[in-house]
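Numbering-wise (the numbering used here), the sequence shown opens with residue 6 and increments by one.
Everything on this sheet refers to the single structure shown next.
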Amino acid sequence: MRLFKRIVTLLNRFKEVIYHYKDEDFSTSEKEYIDSIKKVNPYGVFVLIFGGVSFALGPQYVILPVVTLTAAILTIGTFDKEKEDNPWTFILGSILSLTGLYMYIVGASHILN
């Protein structure tokens with residue numbers, strides 16, 4: 006459990022680097038407005054994109070859904086309700102990767118005509 010908390014703390018530090026902007030020319034009211042805008046969790050976007058890839062390629066390459074689900078489980082703790090928009094990127098990406106994993110298990114594949 007302590008390792009999980011350390012990983013979440015490290016990932017939250019990385020988020021601050023991603024959200025950083027140069028505020029040299031902004032007034033204090035503009036800075037407050039920018040900080041009040043809810044942002045999207047970058048790890049949720051990663052899970053969503055790779056969830057789609059896992060859905061598309063998961064029936065052939067089982068490693069993709071497994072990695073995506075692992076990333077979703079490790080990074081869901083970085084979601085902050087006050088600063089970020091919503092957790093749907095995590096949920097949809099996880100569902101897509103679970104679908105790709107299920108298709109691999111039952112031997113289904115996409116039919117493209």
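Even for Gly, the Cβ is constructed at its ideal location relative to N, Cα and C.
Item                                                                                                                                  : Value
Exposed unless 16 or more other CB atoms sit within 10 angstroms - verdict on residue 64                                              : buried
Extent of the continuous alpha helix (DSSP H) to which residue 34 belongs                                                             : 33 to 41
Endpoints, the alpha helix (DSSP H) within which residue 113 is located                                                               : Careful: residue 113 lies outside any alpha helix (DSSP H) and carries neither H nor E.
One or two residues paired with residue 128 in a DSSP bridge                                                                          : The structure shown does not extend to residue 128, since the chain is modelled only from 6 through 118, so no value can be given for it.
Residue 32 to residue 88 span [Cα, whole Å]                                                                                           : 21 Å
Coarse secondary structure for residue 49, derived from DSSP in three states                                                          : helix
Inter-stretch contact at 8 Å, needing at least 3 Cβ pairs: the stretch 33 to 41 / the stretch 55 to 73                                : no
Contacts around residue 73, its chain only, beta-carbon distance under 7 Å, and the 5 residues preceding and following it disregarded : 52, 55, 56, 59, 98, 102
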